[in-house]
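> Here it is: the structure, laid out below.
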Amino acid sequence: WINREQGDILGQTLTVETRTGTIIVALLTILASVGTAQLWNIFTFLYHQYSANGKDADGLFWQHQALLRTMPAPTALMAETLKLSWAWRSKTPRAFLRCSIPFLLALCFAIASIAAGISTAFAIDSSNIEILVNSPLCGRFNYTKVYASRSTSTLLASIKANVDTYASNCYQDNPSLPAPCRNTFTRSNISFRAEPAPCPWNTTMCPKGDLPALLMDSGMLDLRDHFGLNLPPGETVKIQKKTTCNVLPIDNRIITRNVSWWTARGFQDTKTTIEYGTFRNTDPLLRPEATFIQADVLTQYQQSYGSAAAFHYNQPDETAIGIKTIPEMQRDDADVSLAAVWLNDVNYETPVDDPLFSAHRPWIYTPGGGYPNQTLYKSDHGAGVVGCAQQVRSFATSQPVSLLKLLQYRLLQLLRSISRLANIHDGAESGNILAKTNLFESTSTGLPNDQWKKEVIAWEARVWANYQALISAAITGPAVFDKYADEYTEPVDNEGDKKLCQSLKMRKSGAFANINVFALTFVIAFSTIITLCNTLILRFFIFIARFRAALAPRIDYWVQDGIFQLQRRAFEAQGQGCWEYLEHEVPITLDGEKLHKLPVESSLVLKSTEGRRSVKRDKLRKTGTNVTEVTLTEGNEEAADFQSMARRPTAGTDTFTLISVDAEKGELKKVKTQDPVGR
1 WINREQGDIL GQTLTVETRT GTIIVALLTI LASVGTAQLW NIFTFLYHQY
51 SANGKDADGL FWQHQALLRT MPAPTALMAE TLKLSWAWRS KTPRAFLRCS
101 IPFLLALCFA IASIAAGIST AFAIDSSNIE ILVNSPLCGR FNYTKVYASR
151 STSTLLASIK ANVDTYASNC YQDNPSLPAP CRNTFTRSNI SFRAEPAPCP
201 WNTTMCPKGD LPALLMDSGM LDLRDHFGLN LPPGETVKIQ KKTTCNVLPI
251 DNRIITRNVS WWTARGFQDT KTTIEYGTFR NTDPLLRPEA TFIQADVLTQ
301 YQQSYGSAAA FHYNQPDETA IGIKTIPEMQ RDDADVSLAA VWLNDVNYET
351 PVDDPLFSAH RPWIYTPGGG YPNQTLYKSD HGAGVVGCAQ QVRSFATSQP
401 VSLLKLLQYR LLQLLRSISR LANIHDGAES GNILAKTNLF ESTSTGLPND
451 QWKKEVIAWE ARVWANYQAL ISAAITGPAV FDKYADEYTE PVDNEGDKKL
501 CQSLKMRKSG AFANINVFAL TFVIAFSTII TLCNTLILRF FIFIARFRAA
551 LAPRIDYWVQ DGIFQLQRRA FEAQGQGCWE YLEHEVPITL DGEKLHKLPV
601 ESSLVLKSTE GRRSVKRDKL RKTGTNVTEV TLTEGNEEAA DFQSMARRPT
651 AGTDTFTLIS VDAEKGELKK VKTQDPVGR
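If you count the sequence shown from 1, position 525 lands on 525 in the UniProt record's numbering, and the numbers rise without skipping.
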């Protein structure tokens, strides 16, 4: 699959099991080592050819050439170069300087080889990787069908616990998040900014002050970058959500209604109501103005918090009746959410000045048992209410709607459904009250003055956790979470839905590994090409030498500096063997002659007879491109006569070749084959 975030070329990805990935890592490491070794061989060959100028030079130069000809590893070349520089330090000027160039080149290449070997590991990632979801249960849910046959959302009910846990753990102002936060979605959370804002309603519905409300703005979110959808840049969709909240005045809005007021509803007890709007399409006898209802006995004696929610959609439909807010809170550009927190009979050790949890009514608690009395504080009202104006904007591109692609239509439809199912009032409706963490039995240690802001920020965080969960649920498949998913899931029968089902990236730690196909191909191609080049480069230079005569001697130097040719010359210097294939990399003796061990002494084999030196060697004398074999007869060296024996073309090298002279008789025992022209 292609990771669009990295591009069409670098993003080519192969997801395999971890075991397979381990094998591929080993193979890539071997290939990288082979490739760098072959590249080093090419470098040493070219360096040798560059230095082989045929001019007279000192022993250090020739030893350098012989060392390069052996094609040592970079580290071996470094070690041998140091040995040469130390051995020649007093014999040759600037020996260390001359040896420093190949040493530094080998050092740089060794470092580069190590880096190349390490870099192959980055071609494979098996730790917290991104994988592409491919589920046969994929299906985009339609919110208009979610409540068509049921009074509740079975999908939201099935993911509620996961969303609550994820929101509380992963939407923290903490750089170190728990492992599940890092191993689920491509982004651990969706960030948004929170800042003071003007009143979103009529000023009578806000506390005094210039900025009594709190604005939470997500900014422009790209589904590719923020939600992990693997989309081409031209097919993405963006979304922005702004939510402005404040604590609503509760005076004259919270009322205790006796049983007679609820005749049509059938209630048999007194209720506490909070009234900020009326339910749509509801018979007046059913008291639609009671936005929130709770048994008065709970308000008086419940020693914990409760919560509830109501909403007003700017564009209502049959799936979401909601309420019609009071005139002071009506908006034509936003949806309205109301979150009520029932404060009930919770006590506080200190007064609470937070507008939502305001508590200043003192109460003397007498514990008995000899313990002193304690002054606690009860809530000023039975409940507090937060009102929020939500604005959600989704769009594909700046192009006309007629140019939108089918995938973008499907994404916009999905976001529309999610915006109906994920709202800020869901936090209160689910009972998520942060103030509960300070509550032990019926008493709280106290709350800060901005506790209400912490509550609404946590509710907004839950909205974005819900967005993440619902997008993944649609592509993974609602049927994975809800057995009733077929009731509201659209069939995948068009190109847009098919692309949507292949677009979600999620994180997976362990079990799988991602292989970068580009890196894999590059390493294989690099190693193969370099190996072929190293195999063919000598033949290529030999071929070029046919057309450029200047290259021929350099190739001869490469051949003659080979260890087998150097060994041949050493045997010849000791008067051993009759050799052929002088122009090849591997010379051989005639008829498999037996050779003696080479001595340590650096001298020719000389034989003294009657005060005269007996010369036991033949010469190859170079003439043009031919080599003439001549022999010295036994006798006085100064008066020795040269007798031409044969002429044959060779690669052109000045060397001595033994052709087995009988030292006692001064005669040839073996004569080499004549050249093709019969000379």
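Using N, Cα and C, we set each Cβ at its ideal position, and we do this for glycine too.
All values derive from a computational prediction rather than experimental measurement.
(1) Measure the C-alpha to C-alpha separation of C245 and M205 and round it to an integer number of angstroms.
(2) When the distance is taken between beta carbons, is S417 closer than 8 Å to F185?
(3) With distances taken from CA atoms, which of D225, D125, L412, M329 is nearest R19?
(4) From the DSSP secondary-structure annotation, give me the bridge partner or partners of N230.
(5) Looking only at its own chain, which residues have a Cβ that is under 6 Å from the Cβ of L67, when we skip the five neighbours before and after it?
(6) Among D493, N3, L104, T272, whose alpha-carbon lies nearest the alpha-carbon of L229?
(7) Here's a check: name, in chain order, each residue in its chain whose Cβ is nearer than 7 Å to the Cβ of A95, leaving out the five neighbours to either side.
(8) Any idea if T44 is buried or exposed, counting beta-carbon neighbours within 10 angstroms, 16 or more meaning buried?
(9) Between the region 304-323 and the region 243-257, do at least 3 Cβ pairs fall closer than 8 Å?
(10) Please work out which residues of its chain come closer than 6 Å, Cβ to Cβ, to L14, disregarding the five sequence neighbours upstream and downstream, and give them in chain order.
(11) Count the other C-beta atoms from every protein chain shown that fall within 10 angstroms of the C-beta of E429, then say buried if there are 16 or more, exposed otherwise.
(12) Let me confirm a value: E441 is counted as buried when at least 16 other C-beta atoms fall within 10 Å, else exposed. Which label applies?
(13) To the nearest angstrom, how far is it from the Cα of residue 683 to the Cα of S472?
(14) What does the alpha-carbon distance come out to for the pair Y484 and F526?
(15) Unbroken alpha helix (DSSP H) runs of length 4 or more, entirely within the region 82-138: which are they?
(16) Which complete alpha helix (DSSP H) runs does the region 165-246 hold, if anything under 4 residues is left out?
(17) Output the distance between the C-alpha atoms of H48 and V559, rounded to the nearest integer angstrom.
(18) When you compare only the Cα positions, how much space is there between A469 and V341?
(19) Pick out whichever of G427, T291, P232, A106 has its Cα sitting closest to the Cα of I458.
(20) In whole angstroms, what is the alpha-carbon distance linking R410 and G387?
(21) Distance, Cα to Cα, S158 vs P478?
(22) Between which residues of its own chain and W363 is the CB-CB distance below 8 Å, once the five residues before and five after are set aside?
(23) Where S394 and E487 are concerned, what is the direct C-alpha to C-alpha distance, given to the nearest angstrom?
(24) Would you report the Cα separation of P355 and A435, rounded to the nearest angstrom?
(25) Hey, quick one: how far does the beta strand (DSSP E) through I515 stretch, first residue to last?
(26) Which residue wins for smallest C-alpha separation from M71, given the options W40, A52, V237?
(27) In chain order, what residues of the same chain lie with their CB nearer than 7 Å to the CB of V480, ignoring the 5 residues before and after it?
(28) Roughly how many whole angstroms lie between the Cα atoms of T299 and L221?
(29) Output yes or no for whether 8 Å exceeds the beta carbon distance between M78 and L46.
(30) Beta-carbon within less than 7 Å of Q268's beta-carbon, same chain only, minus the 5 sequence neighbours each way: which residues are those?
(31) Which residues mark the beginning and the end of the alpha helix (DSSP H) in which L28 is found?
(32) Quick check: the Cα distance between G7 and D493, rounded to an integer number of angstroms?
(33) Report yes or no: do the region 492-510 and the region 179-195 share at least 3 C-beta pairs separated by less than 8 Å?
(34) Between which two residues does the beta strand (DSSP E) containing K405 stretch?
(35) Among all the DSSP beta bridges, which residues are the ones paired with Y348?
(36) Assuming A197 contacts L177 (C-beta within less than 8 Å), just tell me the rounded distance between them.
Straight from the coordinates:
(1) The residue given as residue 245 occupies position 245 in the sequence shown. The residue given as residue 205 occupies position 205 in the sequence shown. Those two C-alpha atoms are separated by around 11 Å.
(2) Mapped onto the sequence shown, residue 185 falls at position 185. Mapped onto the sequence shown, residue 417 falls at position 417. No, the pair does not count as a contact, with Cβ atoms beyond the cut-off.
(3) As a position in the sequence shown, residue 19 is number 19, starting the count at 1. With distances taken between Cα atoms, R19 lies closest to D125.
(4) If you number the sequence shown from 1, residue 230 lands on position 230. For N230, which the question treats as bridged, DSSP gives no partner whatsoever.
(5) Taking the first residue of the sequence shown as position 1, residue 67 is located at position 67. These residues qualify, in order along the chain: E80.
(6) Numbered from 1 along the sequence shown, position 229 holds the residue referred to as residue 229. The option with the nearest alpha carbon to L229 is N3.
(7) Here residue 95 refers to the residue found at position 95 of the sequence shown. Contacts found: L60, S85, W88, R89.
(8) On the sequence shown, residue 44 is found 44 positions in, with the first residue counted as 1. By the neighbour-count rule (16 or more Cβ atoms within 10 Å), T44 is buried.
(9) Between the region 304-323 and the region 243-257 there are fewer than three inter-stretch CB-CB distances shorter than 8 Å, so the stretches are not counted as touching.
(10) Within the sequence shown, numbered from 1, the residue matching residue 14 stands at position 14. Excluding sequence neighbours, L14 sits near I515, V517.
(11) The residue labelled residue 429 in the question sits at position 429 within the sequence shown. Buried is the call here.
(12) The sequence position of residue 441 within the sequence shown is 441, counting from 1. Result: exposed.
(13) Residue 683 lies beyond the range of the chain shown here (1 to 679); nothing can be said about it.
(14) For the purposes of this step, residue 484 is taken as residue 484 along the sequence shown, with counting starting at 1. For the purposes of this step, residue 526 is taken as residue 526 along the sequence shown, with counting starting at 1. Roughly 54 Å between the two C-alpha positions.
(15) Qualifying alpha helix (DSSP H) stretches, in chain order: 95-119.
(16) 179-182, 223-226
(17) Position 48 of the sequence shown, counted from the start, is the residue given in the question as residue 48. Position 559 of the sequence shown, counted from the start, is the residue given in the question as residue 559. About 11 Å.
(18) Taking the first residue of the sequence shown as 1, we reach residue 469 at position 469. Taking the first residue of the sequence shown as 1, we reach residue 341 at position 341. When rounded, the distance between both Cα atoms is 26 Å.
(19) Here residue 458 corresponds to residue number 458 of the sequence shown, with the count starting at 1. In the sequence as presented, Ile is not what sits at residue 458; that position holds Ala. Taking only the C-alpha atoms, the option nearest A458 is G427.
(20) Counting from one through the sequence shown, the residue named residue 410 turns up at place 410. Counting from one through the sequence shown, the residue named residue 387 turns up at place 387. Near 32 Å, if we compare the C-alpha coordinates of G387 and R410.
(21) For the purposes of this step, residue 158 is taken as residue 158 along the sequence shown, with counting starting at 1. For the purposes of this step, residue 478 is taken as residue 478 along the sequence shown, with counting starting at 1. Answer to the nearest angstrom: the Cα atoms are 10 Å apart.
(22) Residue 363 sits at position 363 when you count from the first residue of the sequence shown. Counting only Cβ-Cβ distances below 8 Å, and skipping sequence neighbours, we find N347, T375, L376, Y377, K378.
(23) Indexing the sequence shown from 1 puts residue 394 at position 394. Indexing the sequence shown from 1 puts residue 487 at position 487. Using only the alpha carbons, I get a separation of about 26 Å.
(24) For the purposes of this step, residue 355 is taken as the residue at position 355 of the sequence shown. For the purposes of this step, residue 435 is taken as the residue at position 435 of the sequence shown. Distance between the alpha carbons of P355 and A435 is about 13 Å.
(25) Stepping through the sequence shown from its first residue, residue 515 is reached at position 515. Its beta strand (DSSP E) spans residues 512-516.
(26) Walking along the sequence shown from the start, residue 71 turns up at place 71. Of the listed residues, the one whose Cα sits closest to M71 is W40.
(27) Looking up residue 480 in the sequence shown gives position 480. Answer for V480: L137, listed in chain order.
(28) Against the sequence shown, residue 299 aligns to sequence position 299. Against the sequence shown, residue 221 aligns to sequence position 221. In a straight line, the C-alpha of T299 is about 42 Å away from that of L221.
(29) Position 78 of the sequence shown, counted from the start, is the residue given in the question as residue 78. Position 46 of the sequence shown, counted from the start, is the residue given in the question as residue 46. For M78 and L46, no; Cβs fall outside 8 Å.
(30) By one-based count along the sequence shown, residue 268 stands at place 268. Setting aside the 5 residues that flank it on each side, Q268 is surrounded in the same chain by V259, each with a C-beta closer than 7 Å to its C-beta; the list follows chain order.
(31) Locating residue 28 in the sequence shown gives position 28, where the first residue counts as 1. It spans 18-51 - the alpha helix (DSSP H) in which L28 sits, taken as one unbroken run.
(32) Along the sequence shown, one-based indexing puts residue 7 at 7. Along the sequence shown, one-based indexing puts residue 493 at 493. One C-alpha to the other measures close to 28 Å.
(33) yes
(34) As a first step, residue 405 must be located in the sequence shown, where it is residue number 405. First-last for K405: undefined, no H or E at that position.
(35) Counting from 1 along the sequence shown, the entry for residue 348 is found at position 348. Beta-bridge pairing links Y348 to Y377, S444.
(36) What you label residue 197 is simply residue 197 of the sequence shown in a count that begins at 1. What you label residue 177 is simply residue 177 of the sequence shown in a count that begins at 1. Contact flag wrong, Cβ pair sits at about 28 Å.
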